[in-house]
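2 protein chains.
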Amino acid sequence: MTSTWEEFYAKTPKPADLEENKVLLKNFIDRFSNTNKKVVVITSGGTTVPIEHNTVRFVDNFSAGNRGAISAEYFLEQDYAVIFVYRLKSLEPFSRHFMGNKFLDMLELTSEDSTDSVKVTPEHSNKVANILKNYKKTKERLLQLTFTTLSDYLWLLRSVCQAISGLEDRAIVYLAAAVSDFYIPPNEMSEHKIPSTEAPSIHLRLVPKVLKPLVNLWIPKSFVVSFKLETDERVLISKARKALENYSHSLVIANILQSRRQQVVFVTKDCDYTLRLTDEELKNGEEIERLIVENLVVKHVEWMEKAH
Amino acid sequence: MTSTWEEFYAKTPKPADLEENKVLLKNFIDRFSNTNKKVVVITSGGTTVPIEHNTVRFVDNFSAGNRGAISAEYFLEQDYAVIFVYRLKSLEPFSRHFMGNKFLDMLELTSEDSTDSVKVTPEHSNKVANILKNYKKTKERLLQLTFTTLSDYLWLLRSVCQAISGLEDRAIVYLAAAVSDFYIPPNEMSEHKIPSTEAPSIHLRLVPKVLKPLVNLWIPKSFVVSFKLETDERVLISKARKALENYSHSLVIANILQSRRQQVVFVTKDCDYTLRLTDEELKNGEEIERLIVENLVVKHVEWMEKAH
Numbered sequence: 001m002t003s004t005w006e007e008f009y010a011k012t013p014k015p016a017d018l019e020e021n022k023v024l025l026k027n028f029i030d031r032f033s034n035t036n037k038k039v040v041v042i043t044s045g046g047t048t049v050p051i052e053h054n055t056v057r058f059v060d061n062f063s064a065g066n067r068g069a070i071s072a073e074y075f076l077e078q079d080y081a082v083i084f085v086y087r088l089k090s091l092e093p094f095s096r097h098f099m100g101n102k103f104l105d106m107l108e109l110t111s112e113d114s115t116d117s118v119k120v121t122p123e124h125s126n127k128v129a130n131i132l133k134n135y136k137k138t139k140e141r142l143l144q145l146t147f148t149t150l151s152d153y154l155w156l157l158r159s160v161c162q163a164i165s166g167l168e169d170r171a172i173v174y175l176a177a178a179v180s181d182f183y184i185p186p187n188e189m190s191e192h193k194i195p196s197t198e199a200p201s202i203h204l205r206l207v208p209k210v211l212k213p214l215v216n217l218w219i220p221k222s223f224v225v226s227f228k229l230e231t232d233e234r235v236l237i238s239k240a241r242k243a244l245e246n247y248s249h250s251l252v253i254a255n256i257l258q259s260r261r262q263q264v265v266f267v268t269k270d271c272d273y274t275l276r277l278t279d280e281e282l283k284n285g286e287e288i289e290r291l292i293v294e295n296l297v298v299k300h301v302e303w304m305e306k307a308h
Numbered sequence: 001m002t003s004t005w006e007e008f009y010a011k012t013p014k015p016a017d018l019e020e021n022k023v024l025l026k027n028f029i030d031r032f033s034n035t036n037k038k039v040v041v042i043t044s045g046g047t048t049v050p051i052e053h054n055t056v057r058f059v060d061n062f063s064a065g066n067r068g069a070i071s072a073e074y075f076l077e078q079d080y081a082v083i084f085v086y087r088l089k090s091l092e093p094f095s096r097h098f099m100g101n102k103f104l105d106m107l108e109l110t111s112e113d114s115t116d117s118v119k120v121t122p123e124h125s126n127k128v129a130n131i132l133k134n135y136k137k138t139k140e141r142l143l144q145l146t147f148t149t150l151s152d153y154l155w156l157l158r159s160v161c162q163a164i165s166g167l168e169d170r171a172i173v174y175l176a177a178a179v180s181d182f183y184i185p186p187n188e189m190s191e192h193k194i195p196s197t198e199a200p201s202i203h204l205r206l207v208p209k210v211l212k213p214l215v216n217l218w219i220p221k222s223f224v225v226s227f228k229l230e231t232d233e234r235v236l237i238s239k240a241r242k243a244l245e246n247y248s249h250s251l252v253i254a255n256i257l258q259s260r261r262q263q264v265v266f267v268t269k270d271c272d273y274t275l276r277l278t279d280e281e282l283k284n285g286e287e288i289e290r291l292i293v294e295n296l297v298v299k300h301v302e303w304m305e306k307a308h
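Line order of the protein sequences matches chains F and V. Our numbering numbers the first residue of the first sequence as 1 and each following residue consecutively. Our numbering numbers the first residue of the second sequence as 1 and each following residue consecutively.
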C-alpha cells in the first residue's frame, strides 16, 4: 500500500534543523536572484530508513556519494552556484580527495622560529594546492545542507524546491541521491532496540513518488534530472523511459551499478545516447562526471533558449 | 532458526581479501611475538547485511566508529600494539579529527621560491601538529584491516583470533564493532535489485554467536571485552550479566545509546561499576574512551599477573 505524498508530509514529523536550513537557503538564493547566475541543486548519498524509534538499526541504500560530490566540483567549474544536499558524512566536493589516514601521510612537521608548523609534503603539494585553490575560489557559490533519514531528505527536498522556484529555468535539480523506495511509517516502528533473541521480519511500505509534485507543482519551470541505477542491464533503458513518461521531467541518466564510473546513458523523450570513458581515460583518473556535467550544461542552455 | 557458527562458515563464502589480510596479520604479529609487547584487537564500526546479491540495499547498524577509533588512540598512547579492524570508511584513529570540508578551511596556500605550497594555518597548527606527531610516533604499532558486510567481519575476526592466539594473555580483544544480530543467508537473497513497485518484507535469520567459539576455542587465554548497547536502561545491566554468563569472557562494557559518550558501566563476574565524565569534562572535549582504556589496562595487567 502506498500513501500519497500529501499523507507522507502530514504524518511524518519534520526534521529539527529544517527551519535553520530554510534561512540558509533564502540567504543563498537571495544573492543570485537578481543576477543571471545558473543554479544547480545536487542531492547526494543514500537515505536511511530507521527500523526502531531509538535508532540502532536501519535499512540503507548503497552510496558513498561519489556521483554527487564529483559532479558538484564540475558544476562549480562551469560557474554554477551549487546547493549540495547530501547525506551526513557522505563524500563532499574537494575534501573527497583527502579521506582517511592516507591524507595524514601527505603532511610533515616543520619547525620555524622554534614553533611547530605543518606542511603538505613537496611530493603532494601541487595536487593539494590545486584542489585547495578551486575550493577557495568557489566556496562562496557552494551551500551544503545535510540529511540522514528518508524523511529528513523528503522534507529538505521540498523546502529546497520552494526556495528555488523563483529561479525558474535558471535552475537544474540533479537528483543523484540514492533514495529509498521503501520505509516504515512511524506508527509501525519498534520503540526500542529489537531483541536479538528472535529473527524479525521487516515489513516495508512504498515511499510515495515525490518526483511527481516536484515536477508538476513545486518547480514546473526548472530543468529536472533524475538517475536510474539498476543491476540488470536488460531493464535499464525501459525503466528510464518509463520514469520519463510517469513524471515528464527533462532527463533520466541511466546507469548500471558495476559500470557506473565508466558509462551512463542520457535518456530523453526523443532519444538516448551513451557517454563513456575509454579504459585508458578511466585508468588515468578521468571522471565520467566531467562528461555528464559538460553535456548537461549544453542541454540546459539550449533548453533555456527554447523556453524564451 | 539459528544456524551454528560451523554452518555459517561452511555456507558463507570468504571475502576476496582474506588471504592478503592473513599475510599482513602474520607479519605484524611476528614483530611482537618475541617481545613482551601487549597487543589489542579493536573492532569498530557497523556491519552491513546485504538484502540483494548485486547489492544496492542493505540493513546497517548505527555506528560511525567513534568508540573504536578513539580507543585505538588511547591504546597506542598506553604503548599497546593495535590491530584496528574497522568498517571501510568508518572513522579511523587520528584522521577522525579531520573530517569533511572543515579541514580544508584549516589549510592555506603559500608561495615559496615561486612554487605553491600548502600549510596548516597558524591558528590550527598546534592541534594538527600534536595529532600528527602522535600518528607518526605510533603508526608502526598500528595495523588497519577493513570489513564491510557481516560475513566479511566474521571471517576476518576468526583469522585475527587465529593470528594472535600465540600471544595468549598478552592480547586484549575489544569488540566495539556494532555487529548485526540478523542476516539473510546467501540462498535467500534476491539476485537483482528488488523492484520498487512492490513493498517487500525482509525475513532475517539470527546470526550465530561467535563469541562462544572465540572465547572457548580460538583464544581461550586472552582478555576478551564485549560491548552491550541498549536504548532501554531497565534491561542494560541484566543483559550484560547474561552475556557474561553465556560466554564466560572477561568483561562487558554496557552503555545506553543516548549517554554513551558520557557514561559506561564495566560489568564483570563479581561486580559492576560506572565510569563517567562530568558535564564539565564532556564540554571541554574530554573523551570517555580515555577512562575506559586506562581502567582496562589496569585490569589487563592485574589479570596477567594472576594468570602466572
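Where is the CB? At the ideal position from N, CA and C, for every residue including glycine.
query: Within the 8 Å Cβ cut-off, does L175 (chain F) reach chain V?
result: Position 175 of the first sequence, counted from the first residue, corresponds to residue 175 (chain F). Output row for L175 (chain F): interface = no.
task: Thinking A171 (chain F) and F227 (chain F) are a contact (beta carbons under 8 Å), I'd like their distance in whole angstroms, please.
output: Taking the first residue of the first sequence as position 1, residue 171 (chain F) is located at position 171. Taking the first residue of the first sequence as position 1, residue 227 (chain F) is located at position 227. At roughly 18 Å, the Cβ-Cβ gap does not stay under 8 Å, so A171 (chain F) and F227 (chain F) are not in contact.
field: Within the segment 225-276 of chain V, ranges of the beta strand (DSSP E) (whole runs, at least 3 residues)
entry: 251-256, 263-267 and 272-276
- request: For S259 (chain F), count neighbouring C-beta atoms within 10 Å of its own C-beta (all shown protein chains included) and say buried if the count is 16 or more, exposed if not.
  value: Translated into positions along the first sequence, residue 259 (chain F) becomes position 259. Label assigned to S259 (chain F): exposed.
- prompt: In this structure, does DSSP put Y307 (chain F) in helix, strand or coil?
  reply: Within the first sequence, the letter at position 307 stands for residue 307 (chain F). Residue identity check: residue 307 (chain F) is Ala in the sequence provided, not Tyr. Helix, per DSSP.
- prompt: DSSP on N309 (chain V), reduced to helix/strand/coil?
  reply: An answer regarding residue 309 (chain V) cannot be provided, because it is not within the stretch 1 to 308 covered by chain V.
- request: Put V301 (chain F) into one of helix, strand or coil per three-state DSSP.
  value: Locating residue 301 (chain F) in the first sequence gives position 301, where the first residue counts as 1. In the structure shown, V301 (chain F) sits in a helix (DSSP, three-state: H, G or I).
task: Tell me, please, which residues DSSP counts as bridged to S111 (chain V).
output: The residue given as residue 111 (chain V) occupies position 111 in the second sequence. Its beta-bridge partners are V:D116.
field: Beta-ladder partner(s) of Y174 (chain F), from DSSP
entry: Residue 174 (chain F) sits at position 174 when you count from the first residue of the first sequence. Answer is F:I42 and F:V225.
message: What does DSSP give as the partner residue(s) for S159 (chain F) in the beta ladder?
response: Taking the first sequence and counting its residues from 1, the one referred to as residue 159 (chain F) is at position 159. None; S159 (chain F) has no bridge partner.
query: Okay, do the segment 47-61 of chain F and the segment 50-66 of chain V touch, 3+ Cβ pairs below 8 Å being the bar?
result: yes
Chain-ordered residues of the segment 148-162 of chain F with a beta carbon less than 8 Å from chain V: none
query: By DSSP, does H97 (chain F) sit in helix, in strand, or in coil?
result: Here residue 97 (chain F) refers to the residue found at position 97 of the first sequence. Looking at H97 (chain F) - three-state DSSP - the assignment turns out to be helix.
message: Check whether chain V comes within 8 Å of K228 (chain F), counting only Cβ atoms and requiring the distance to be less than that.
response: The residue given as residue 228 (chain F) occupies position 228 in the first sequence. Output row for K228 (chain F): interface = no.
- prompt: Candidates V:V252, V:K299, V:P15 and V:A10: which alpha carbon is nearest T149 (chain V)'s?
  reply: Taking the second sequence and counting its residues from 1, one reaches residue 149 (chain V) at position 149. Closest option to T149 (chain V), Cα to Cα, is V:P15.
query: Mind pulling the chain F residues with CB within less than 7 Å of N21 (chain V)?
result: The count along the second sequence starts at 1 and reaches residue 21 (chain V) at position 21. What N21 (chain V) touches in chain F: nothing, since even the nearest Cβ is about 17 Å away.
task: For S125 (chain F), return the contacting residues in chain V, with the cut-off set at a CB-CB distance below 7 Å.
output: Taking the first residue of the first sequence as 1, we reach residue 125 (chain F) at position 125. What S125 (chain F) touches in chain V: D116, S117 and V118.
- prompt: Looking at the C-beta of P200 (chain V), does it have a partner C-beta in chain F at a distance below 8 Å?
  reply: Position 200 of the second sequence, counted from the first residue, corresponds to residue 200 (chain V). Yes, P200 (chain V) lies at the interface with chain F (some Cβ there is under 8 Å from its Cβ).
- prompt: Does the beta carbon of S95 (chain F) come closer than 8 Å to any beta carbon on chain V?
  reply: Stepping through the first sequence from its first residue, residue 95 (chain F) is reached at position 95. By this cut-off, S95 (chain F) is an interface position.
- request: Can you give me the start and stop residues for the beta strand (DSSP E) that A81 (chain V) sits inside?
  value: Here the question's residue 81 (chain V) lines up with position 81 in the second sequence. From DSSP, the beta strand (DSSP E) with A81 (chain V) extends over A81 to R87.
- prompt: Any beta-carbon of chain F closer than 8 Å to the one on V128 (chain V)?
  reply: The residue labelled residue 128 (chain V) in the question sits at position 128 within the second sequence. Answer yes: the Cβ-Cβ gap between V128 (chain V) and chain F drops below 8 Å somewhere.
field: Any C-beta of chain F under 8 Å from that of V59 (chain V)
entry: Residue mapping note: residue 59 (chain V) aligns to position 59 of the second sequence, counting from 1. V59 (chain V) counts as touching chain F.
message: Please classify D181 (chain F) as buried or exposed, where buried requires at least 16 other C-beta atoms within 10 Å of its C-beta.
response: If you number the first sequence from 1, residue 181 (chain F) lands on position 181. Label assigned to D181 (chain F): buried.
message: DSSP has Q144 (chain V) in a bridge; who is on the other side?
response: Numbered from its first residue, the second sequence carries residue 144 (chain V) at position 144. Q144 (chain V) is bridged to V:F84.
task: Please classify S201 (chain F): does DSSP put it in a helix, a strand, or coil?
output: Here the question's residue 201 (chain F) lines up with position 201 in the first sequence. Correct three-state label for S201 (chain F): strand.
- prompt: For N21 (chain F), which three-state DSSP category applies?
  reply: Working through the first sequence from its first residue, we reach residue 21 (chain F) at position 21. N21 (chain F): helix per DSSP, three-state reduction.
task: State buried or exposed for L217 (chain F), treating a residue as buried only when at least 16 other CB atoms are found within 10 Å of its CB.
output: In the first sequence, the residue the question calls residue 217 (chain F) occupies position 217. It counts as exposed.
query: If we ignore side chains and look at the alpha-carbon of each, how far apart do P208 (chain F) and P185 (chain F) end up?
result: Here residue 208 (chain F) is taken as the residue at index 208 of the first sequence, counted from 1. Here residue 185 (chain F) is taken as the residue at index 185 of the first sequence, counted from 1. Going by the C-alpha atoms only, they are around 12 Å apart.
Reference D270 (chain V), options V:V264, V:I288 and V:L251, closest by Cα: Taking the second sequence and counting its residues from 1, the one referred to as residue 270 (chain V) is at position 270. The candidate whose alpha carbon is nearest that of D270 (chain V) is V:L251.
Under 7 Å by beta carbon: chain V residues contacting L132 (chain F): Here residue 132 (chain F) refers to the residue found at position 132 of the first sequence. Simply L104, L107, L109 and V118.
query: Secondary structure at N187 (chain V), three-state DSSP: helix, strand or coil?
result: Within the second sequence, residue 187 (chain V) is the residue found at index 187, counting from 1. It is helical.
- prompt: Ends of the alpha helix (DSSP H) at P122 (chain F)?
  reply: Counting from one through the first sequence, the residue named residue 122 (chain F) turns up at place 122. Residues P122 to T138.
- prompt: Thinking C-alpha only, which one of V:L211, V:E188 and V:H203 is nearest V179 (chain V)?
  reply: For the purposes of this step, residue 179 (chain V) is taken as residue 179 along the second sequence, with counting starting at 1. It is V:L211.
task: Under 8 Å by Cβ, that's how I've got A81 (chain F) and V39 (chain F) pegged, so tell me the actual separation to the nearest angstrom.
output: Translated into the one-based positions of the first sequence, residue 81 (chain F) becomes position 81. Translated into the one-based positions of the first sequence, residue 39 (chain F) becomes position 39. Yes, A81 (chain F) and V39 (chain F) are in contact; Cβ-Cβ is about 5 Å, under 8 Å.
message: Using a 10 Å radius around the Cβ and a threshold of 16 neighbouring Cβ atoms, would you call S111 (chain V) buried or exposed?
response: If you number the second sequence from 1, residue 111 (chain V) lands on position 111. So S111 (chain V) ends up on the exposed side.
- request: Using three-state DSSP, classify L206 (chain V) as helix, strand or coil.
  value: By one-based count along the second sequence, residue 206 (chain V) stands at place 206. Here L206 (chain V) sits in strand by DSSP.
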